[in-house]
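Chemist:
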Amino acid sequence: MAEDSVYVDPQQASNGLAQWDAGSAPLKSGWTETVAAIQALNTPATWGSDGPGEEFAGGYTEGADQFLTVGGEVVDQVVQLGVDSRTAVERSIASDEVQAGHVTVEVEGLP
Numbered sequence: 016m017a018e019d020s021v022y023v024d025p026q027q028a029s030n031g032l033a034q035w036d037a038g039s040a041p042l043k044s045g046w047t048e049t050v051a052a053i054q055a056l057n058t059p060a061t062w063g064s065d066g067p068g069e070e071f072a073g074g075y076t077e078g079a080d081q082f083l084t085v086g087g088e089v090v091d092q093v094v095q096l097g098v099d100s101r102t103a104v105e106r107s108i109a110s111d112e113v114q115a116g117h118v119t120v121e122v123e124g125l126p
């Protein structure tokens, strides 16, 4: 059954987001380095300037461009998910703090 509330443990959220950052930062930098290495090799010298080389290049570059574009979008989405999650957690905690200031009755379990 669905609950009517969400509990965010600030420390757990902070720990999780730190782990997300620790994973997404090397993903982003690794992707950037890999793309640079691939692009450095994408030259006519790699596949040759003869007929078969040009034919290969025609088919290869279309697929490679799509891979680099879509792959970059996925990496960016992974990084952005951490940013968006951090924003959501911070706003949820801030909202709780504002609402807590309006509680004028004693709540069991709270100081």
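Take 16 as the starting number for the sequence shown in the working numbering and just add one per residue. Ideal Cβ placement from N, Cα and C applies to all residues, glycine included.
#1: Less than 7 Å between the CB of Y75 and some heavy atom of the ligand PLP, yes or no?
#2: Where does the unbroken alpha helix (DSSP H) through E105 begin, and where does it stop?
#3: Just how far apart, CA to CA, sit Q27 and A33?
#4: Flag this pair as touching only if the region 103-118 and the region 38-55 have three or more C-beta atom pairs under 8 Å; answer yes or no.
#5: Report the rounded CA-to-CA distance for Q54 versus V104, giving the unit in angstroms.
Modeler: Considering the structure as presented:
#1: Ligands are entirely absent from the displayed structure, and the ligand PLP is therefore not among its contents.
#2: Along the sequence shown, read from residue 1 onward, the residue named residue 105 stands at position 90. That run of the alpha helix (DSSP H) goes 66-115.
#3: In the sequence shown, residue 27 corresponds to position 12, counting from 1. In the sequence shown, residue 33 corresponds to position 18, counting from 1. So the two alpha carbons sit approximately 10 Å from each other.
#4: Touching, no.
#5: Counted from its first residue, the sequence shown places residue 54 at position 39. Counted from its first residue, the sequence shown places residue 104 at position 89. Roughly 38 Å separates the two Cα atoms.
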